[in-house]
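*Asks:* Input: one structure, supplied below.
There are 2 protein chains.
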Amino acid sequence: MTDSQVIPGGITAAKGFQAAGLAAGLKPSGAKDLALIYSETEAIAAGVFTTSQVRAACVDYCRQILQSKNSIRAILCNAGQANAATGAAGLQDALDSATAVAQQLGIPPESVLLASTGVIGKRIPMAKLTAALPELVASLSKEGNENASRAIMTTDLVPKTIALETIIGDRPVRIGGIAKGSGMIHPNMATMLSFITCDAMVSTHLWQEMLSRAAQKSFNQITVDGDTSTNDTLIALANGQSRTPTITELNKEGQKLEAMLTEVCQYLAKAIARDGEGATCLIEVQVSGASDEASARQVARTIAGSALVKAAIFGRDPNWGRIAAAAGRAGVSFHQEDLRIQLGDFLLMDNGQPLPFDAQAASNYLKAKAEGAYLQDDTVVISVCLGNGSGVGTAWGCDLSYDYVKINADYTT
Amino acid sequence: MTDSQVIPGGITAAKGFQAAGLAAGLKPSGAKDLALIYSETEAIAAGVFTTSQVRAACVDYCRQILQSKNSIRAILCNAGQANAATGAAGLQDALDSATAVAQQLGIPPESVLLASTGVIGKRIPMAKLTAALPELVASLSKEGNENASRAIMTTDLVPKTIALETIIGDRPVRIGGIAKGSGMIHPNMATMLSFITCDAMVSTHLWQEMLSRAAQKSFNQITVDGDTSTNDTLIALANGQSRTPTITELNKEGQKLEAMLTEVCQYLAKAIARDGEGATCLIEVQVSGASDEASARQVARTIAGSALVKAAIFGRDPNWGRIAAAAGRAGVSFHQEDLRIQLGDFLLMDNGQPLPFDAQAASNYLKAKAEGAYLQDDTVVISVCLGNGSGVGTAWGCDLSYDYVKINADYTT
Numbered sequence: 001m002t003d004s005q006v007i008p009g010g011i012t013a014a015k016g017f018q019a020a021g022l023a024a025g026l027k028p029s030g031a032k033d034l035a036l037i038y039s040e041t042e043a044i045a046a047g048v049f050t051t052s053q054v055r056a057a058c059v060d061y062c063r064q065i066l067q068s069k070n071s072i073r074a075i076l077c078n079a080g081q082a083n084a085a086t087g088a089a090g091l092q093d094a095l096d097s098a099t100a101v102a103q104q105l106g107i108p109p110e111s112v113l114l115a116s117t118g119v120i121g122k123r124i125p126m127a128k129l130t131a132a133l134p135e136l137v138a139s140l141s142k143e144g145n146e147n148a149s150r151a152i153m154t155t156d157l158v159p160k161t162i163a164l165e166t167i168i169g170d171r172p173v174r175i176g177g178i179a180k181g182s183g184m185i186h187p188n189m190a191t192m193l194s195f196i197t198c199d200a201m202v203s204t205h206l207w208q209e210m211l212s213r214a215a216q217k218s219f220n221q222i223t224v225d226g227d228t229s230t231n232d233t234l235i236a237l238a239n240g241q242s243r244t245p246t247i248t249e250l251n252k253e254g255q256k257l258e259a260m261l262t263e264v265c266q267y268l269a270k271a272i273a274r275d276g277e278g279a280t281c282l283i284e285v286q287v288s289g290a291s292d293e294a295s296a297r298q299v300a301r302t303i304a305g306s307a308l309v310k311a312a313i314f315g316r317d318p319n320w321g322r323i324a325a326a327a328g329r330a331g332v333s334f335h336q337e338d339l340r341i342q343l344g345d346f347l348l349m350d351n352g353q354p355l356p357f358d359a360q361a362a363s364n365y366l367k368a369k370a371e372g373a374y375l376q377d378d379t380v381v382i383s384v385c386l387g388n389g390s391g392v393g394t395a396w397g398c399d400l401s402y403d404y405v406k407i408n409a410d411y412t413t
Numbered sequence: 001m002t003d004s005q006v007i008p009g010g011i012t013a014a015k016g017f018q019a020a021g022l023a024a025g026l027k028p029s030g031a032k033d034l035a036l037i038y039s040e041t042e043a044i045a046a047g048v049f050t051t052s053q054v055r056a057a058c059v060d061y062c063r064q065i066l067q068s069k070n071s072i073r074a075i076l077c078n079a080g081q082a083n084a085a086t087g088a089a090g091l092q093d094a095l096d097s098a099t100a101v102a103q104q105l106g107i108p109p110e111s112v113l114l115a116s117t118g119v120i121g122k123r124i125p126m127a128k129l130t131a132a133l134p135e136l137v138a139s140l141s142k143e144g145n146e147n148a149s150r151a152i153m154t155t156d157l158v159p160k161t162i163a164l165e166t167i168i169g170d171r172p173v174r175i176g177g178i179a180k181g182s183g184m185i186h187p188n189m190a191t192m193l194s195f196i197t198c199d200a201m202v203s204t205h206l207w208q209e210m211l212s213r214a215a216q217k218s219f220n221q222i223t224v225d226g227d228t229s230t231n232d233t234l235i236a237l238a239n240g241q242s243r244t245p246t247i248t249e250l251n252k253e254g255q256k257l258e259a260m261l262t263e264v265c266q267y268l269a270k271a272i273a274r275d276g277e278g279a280t281c282l283i284e285v286q287v288s289g290a291s292d293e294a295s296a297r298q299v300a301r302t303i304a305g306s307a308l309v310k311a312a313i314f315g316r317d318p319n320w321g322r323i324a325a326a327a328g329r330a331g332v333s334f335h336q337e338d339l340r341i342q343l344g345d346f347l348l349m350d351n352g353q354p355l356p357f358d359a360q361a362a363s364n365y366l367k368a369k370a371e372g373a374y375l376q377d378d379t380v381v382i383s384v385c386l387g388n389g390s391g392v393g394t395a396w397g398c399d400l401s402y403d404y405v406k407i408n409a410d411y412t413t
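Put into structure tokens, the structure is as follows:
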């Protein structure tokens with residue numbers, strides 16, 4: 001898509017960004033649970049947040065900040081307590097967190113954005129959080145990506161991080177990011193947090209537009225279990241430190257920047273789906289032939305989110321009937337006699353009718369993907385064509401395993 | 001709601017109806033797989049069918065029959081093959097099934113309705129089906145409820161059947177029914193089949209209206225896994241053999257009949273949810289305080305369908321945070337500071353904030369419900385109040401267990 005290259009450094013790859021992460025004692029496990037992302041200079045900020053009616057205090061806080069102010073210096077994220085459904089006390093905790101970290105950094109409190117993840121209804125142990133801030137701020141560095149990416153994890157098995165670089169106006173421009181899943185992942189953001197940093201110079205309005213479109217094609221196209229959370233947050237900072245000319249419209253440079261941003265978002269979104277609770281493989285659903293892109297994306301999401309499809313993939317069962325059924329109930333109109341379904345290289349259905357195929361070989365394809373989990377070859381590809389329209393769309397999910405149930409049956413207890 | 005009484009007989013309780021069920025060899029297991037419901041006289045018929053774009057041949061067949069003809073004599077149902085995504089050949093199989101059973105019964109083929117359930121994309125072994133028809137027709141009787149209710153089962157653990165009786169115009173009127181689940185159960189019908197018989201005299205148009213409304217408050221309010229199927233079918237016959245005056249409007253008698261029909265549908269719907277694949281308890285979600293009934297029903301369905309809520313209940317974990325999160329993402333507007341959540345007698349949240357409660361006692365409540373499964377006391381009650389509106393609605397679901405994954409990971413293989 002772009003000529004961008006993967007570079008090391010993740011969230012600190014872009015010029016002028018530092019990060020840190022440590023264990024403040026917020027997680028009972030003693031694992032890292034407090035992350036800080038810091039821009040050495042003012043950065044513009046764009047955000048996409050949960051659409052749920054029940055929202056965490058930090059979401060309301062960030063929305064309010066971004067409405068009145070565009071330049072941000074830091075993002076503080078705690079893991080362990082969602083600080084959602086915590087009422088006025090929870091909002092006060094959020095304000096106090098921002099004030100405390102701002103004081104340590106020597107910046108105004110309104111230059112701080114916040115994110116939380118963890119158990120809903122639990123307040124943040126504020127004494128522990130504030131006690132950890134001096135060390136957190138002191139440990140900010142260009143090498144902080146690993147610690148920060150681990151400190152935002154909950155039930156995630158692996159940290160998720162990426163950075164890309166491209167050339168705009170003869171100068172290198174970088175976008176890096178970190179993200180966490182891994183249950184409650186579904187279109188419209190789910191319990192996912194992602195933070196992105198960029199050193200391009202870009203106008204605030206355009207940066208928000210680019211982020212919203214990129215989220216539409218990435219984070220809003222992944223599903224683990226159909227549950228959207230109270231805390232979903234995607235924040236992207238851009239501090240202009242690459243010293244490229246300001247991008248104010250979707251010209252060649254603007255398109256290049258948006259393509260790289262979309263690529264970063266899609267990488268992180270797929271990493272979240274791949275690490276879905278109990279998942280053994282990544283499922284990519286490619287839909288074509290729809291009347292428009294929105295319809296194609298909707299069908300792709302419905303298939304990727306079907307519990308029956310997910311359970312069949314876990315069972316290494318090439319059960320195309322469930323794929324057809326999920327497509328049929330997606331709320332998108334098509335003629336069933338046009339339906340074509342492919343699993344990897346196996347054409348399972350054409351013209352709405354099943355074709356003979358080697359079921360054992362198809363099952364082996366699914367087995368091979370699961371055994372390749374966490375390597376590059378764990379992606380089960382389902383391709384569905386609905387008819388003759390030009391709309392295409394992709395969604396990502398994971399299989400439904402015993403471990404999903406196990407993980408979610410005793411999270412608080 | 002009504003003064004109706006439970007009576008024996010199920011689908012044959014109403015006057016003039018007979019039923020039969022046997023093993024025709026359609027299921028590999030050798031279990032009963034072919035059911036016939038027969039009205040000794042002409043019966044009017046109402047139907048509600050899947051809204052999926054991918055539909056079984058029998059669904060298209062029934063829709064066509066009901067558009068042109070209102071009097072029906074028989075319903076033939078096979079289990080084992082869904083006869084969906086089987087193209088023109090599948091439709092021909094459906095037509096041939098109707099013709100063959102009509103011949104045995106000595107009635108026109110268009111007096112026969114059809115239903116199928118089982119693996120999608122599999123055609124019905126027609127030779128086995130037609131070979132079994134003489135014995136099936138010969139075994140029609142008033143005692144056929146047990147066999148018929150078993151012959152429509154797939155992964156169901158128990159047959160589902162009920163009959164009620166009330167007095168209309170000094171004469172007894174009966175409604176009976178059978179149903180099957182148990183995976184792929186979700187609002188808008190899912191893989192569920194239900195057949196209902198009634199001996200009231202009622203106008204065709206009103207009967208269809210009553211059935212549609214009853215389905216809205218029952219079968220469309222249950223969810224097992226969010227998957228809607230290709231074969232969902234609800235058919236209700238009324239043959240007038242109770243010799244009551246014809247009910248043509250929603251007067252006192254009409255309301256009484258509709259109330260009893262709704263009660264039958266709700267009993268069967270709950271039986272389906274209770275027998276959801278791998279379920280250990282029934283979850284009833286009662287929502288109040290919504291702006292209207294549709295909003296209340298939508299929130300109730302979303303909570304009952306949340307994988308995270310379902311997994312928490314299976315884990316005997318009173319995780320009200322997930323209930324709040326599911327309510328928040330239901331697409332219905334409310335103020336989170338008004339939210340009130342109760343689990344059984346435990347008030348967990350009020351005014352949008354968590355309350356202290358005895359978590360161990362609440363967990364024991366959930367344990368006790370699971371241990372009472374298949375008795376009358378297996379219902380976990382979640383009550384949610386959204387605010388001050390007058391809209392109320394109820395939905396039913398089941399918990400998400402290891403066994404759900406096990407059952408669905410290897411259904412075809």
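These protein sequences, in sequence, are chains U and D.
Note that the numbering used here has the first sequence beginning at 1, numbered continuously upward.
Note that the numbering used here has the second sequence beginning at 1, numbered continuously upward.
Every residue gets a Cβ at the ideal spot worked out from N, C-alpha and C, and that includes glycine.
#1: Can you name the residues of chain U whose CB is closer than 9 Å to the CB of residue 402 of chain D?
#2: Opposite residue 71 of chain U in the DSSP bridges: which residues?
#3: Check the DSSP bridge columns for residue 172 of chain D and list the partner residues they point to.
#4: For residue 81 of chain U, go through chain D and note every residue whose CB falls closer than 9 Å to its CB, in chain order.
#5: Just checking: is the beta-carbon of residue 219 of chain D within a distance shorter than 8 Å of some beta-carbon in chain U?
#6: In chain U, which residues lie with their C-beta within 9 Å of the C-beta of residue 349 of chain D?
#7: Check whether the Cβ atoms of residue 53 of chain D and residue 328 of chain U lie closer than 8 Å to each other.
#8: What runs of the alpha helix (DSSP H), each 4 residues or longer, lie entirely inside the stretch 76-159 of chain U?
#9: Which residues does DSSP pair with residue 341 of chain U in a beta bridge?
#10: How would you list, in chain order, the residues of chain D whose beta-carbon sits under 9 Å from the beta-carbon of residue 215 of chain U?
#11: For a contact defined as C-beta to C-beta under 9 Å, what are the partners of residue 271 of chain D on chain U?
#12: Could you work out which residue in U/96, U/51, U/128, U/8 is closest to residue 28 of chain U when comparing CA atoms only?
#13: Under three-state DSSP, which class holds residue 241 of chain D?
#14: Hey, out of U/333, U/365, U/331, whose CA is closest to residue 347 of chain U's CA?
#15: Given residue 36 of chain U, which residues of its chain have a CB within under 6 Å of its CB, disregarding the five upstream and five downstream residues?
#16: In the DSSP assignment, the alpha helix (DSSP H) including residue 321 of chain D goes from what residue to what residue?
#17: Can you tell me which of the three DSSP states residue 281 of chain U falls into?
#18: Examine chain D for any beta-carbon lying closer than 8 Å to the beta-carbon of residue 333 of chain U, and answer yes or no.
#19: With H, G and I counted as helix, E and B as strand and the rest as coil, what does DSSP make of residue 187 of chain D?
#20: 8 Å is my cut-off, CB to CB: does residue 346 of chain U come that close to chain D?
#21: Residue 94 of chain D and residue 61 of chain D - do their beta-carbons sit closer together than 8 Å?
#22: Just to make sure I have the definition right: I need the residues of chain D whose C-beta is within less than 8 Å of the C-beta of residue 336 of chain U. Which are they?
#23: Using a cut-off of 9 Å between C-beta atoms, extract the partners of residue 320 of chain D located in chain U.
#24: Assuming residue 265 of chain D and residue 369 of chain D make a contact with CB atoms under 8 Å, what is their CB distance in whole Å?
#25: Can you name the residues of chain D whose CB is closer than 7 Å to the CB of residue 125 of chain U?
#26: According to DSSP, is residue 393 of chain U part of a helix, a strand, or is it coil?
#27: Less than 6 Å between C-beta atoms, sequence neighbours within five positions excluded: which residues of the same chain meet that for residue 404 of chain U?
#28: For the beta strand (DSSP E) holding residue 197 of chain U, just list the boundary residues, first then last.
#29: Using a Cβ cut-off of 8 Å, which residues of the stretch 351-375 of chain U contact any Cβ in chain D, in chain order?
#30: Can you name the start and end residues of the alpha helix (DSSP H) that residue 211 of chain U belongs to?
#31: Who are the Cβ neighbours of residue 122 of chain D in its own chain at under 6 Å, not counting the five residues just before and after it?
#32: From residue 392 of chain D to residue 294 of chain D, what does the alpha carbon distance come to, in whole angstroms?
#33: Exposed or buried, residue 180 of chain D, counting other C-beta atoms within 10 Å across all chains shown (16 or more means buried)?
#34: Using DSSP with H/G/I as helix, E/B as strand and the rest coil, what is residue 12 of chain D?
#35: Does the CB of residue 329 of chain U have a neighbour CB from chain D at under 8 Å?
#36: Name, please, each residue of chain U whose Cβ falls closer than 8 Å to the Cβ of residue 339 of chain D.
*Replies:* On the basis of the data shown:
#1: Here the neighbours are 402, 405, 406, 409.
#2: DSSP output for residue 71 of chain U lists U/44 as bridge partner(s).
#3: BP columns for residue 172 of chain D point to D/167.
#4: Those do not exist, as residue 81 of chain U stays about 11 Å from chain D at its closest Cβ, beyond 9 Å.
#5: Not closer than 8 Å to any Cβ of chain U, the Cβ of residue 219 of chain D fails to qualify, so no.
#6: Chain U residues near residue 349 of chain D: 85, 121.
#7: Their beta carbons are under 8 Å apart, which means residue 53 of chain D touches residue 328 of chain U by this criterion.
#8: Here the runs fully enclosed are 87-105, 126-138, 145-151.
#9: Looking at the DSSP output, residue 341 of chain U shares a beta bridge with U/349, U/384.
#10: Chain order gives no chain D residues near residue 215 of chain U, where near means a beta carbon separation below 9 Å; the closest approach is about 17 Å.
#11: By Cβ distance, chain U contributes nothing, its closest Cβ being about 21 Å from residue 271 of chain D, past 9 Å.
#12: Nearest option by C-alpha distance: U/128.
#13: Looking at residue 241 of chain D - three-state DSSP - the assignment turns out to be coil, as it is neither helix nor strand.
#14: The shortest C-alpha separation from residue 347 of chain U is found at U/365.
#15: Cβ within range, chain order: 20, 76, 136.
#16: 320-328 is the extent of the alpha helix (DSSP H) around residue 321 of chain D.
#17: The DSSP-derived three-state label of residue 281 of chain U is coil.
#18: Judged by the 8 Å Cβ criterion, residue 333 of chain U is in contact with chain D.
#19: Only weak support exists for where residue 187 of chain D lies, its pLDDT of 36 falling under 50; the coordinates are left without a value.
#20: Any Cβ of chain D closer than 8 Å to the Cβ of residue 346 of chain U would place that residue at the interface, and such an atom is absent.
#21: Yes, they are a contact pair.
#22: Per Cβ cutoff of 8 Å: 53, 54, 55, 85.
#23: Result: 85, 120, 121.
#24: Actually they do not touch by this definition, with Cβ atoms about 23 Å apart.
#25: Those do not exist, as residue 125 of chain U stays about 15 Å from chain D at its closest Cβ, beyond 7 Å.
#26: Reduced to three states, the DSSP call for residue 393 of chain U is strand.
#27: If we look at residue 404 of chain U and ignore the five residues flanking it on each side, its Cβ neighbours are 277, 278.
#28: 193-198 is the extent of the beta strand (DSSP E) around residue 197 of chain U.
#29: Residues of the stretch 351-375 of chain U whose Cβ lies closer than 8 Å to any Cβ of chain D, in chain order: 351, 352, 353, 354, 359, 363.
#30: For residue 211 of chain U, the enclosing alpha helix (DSSP H) stretches over residues 204-216.
#31: Only 81 meet the Cβ criterion.
#32: Between residue 392 of chain D and residue 294 of chain D, the C-alpha separation is close to 8 Å.
#33: Residue 180 of chain D is buried by the Cβ-count criterion.
#34: In the three-state DSSP reduction, residue 12 of chain D falls in the helix class (H, G or I).
#35: Taking CB atoms only, residue 329 of chain U has a neighbour in chain D less than 8 Å away.
#36: The answer, in chain order, is 54, 85.
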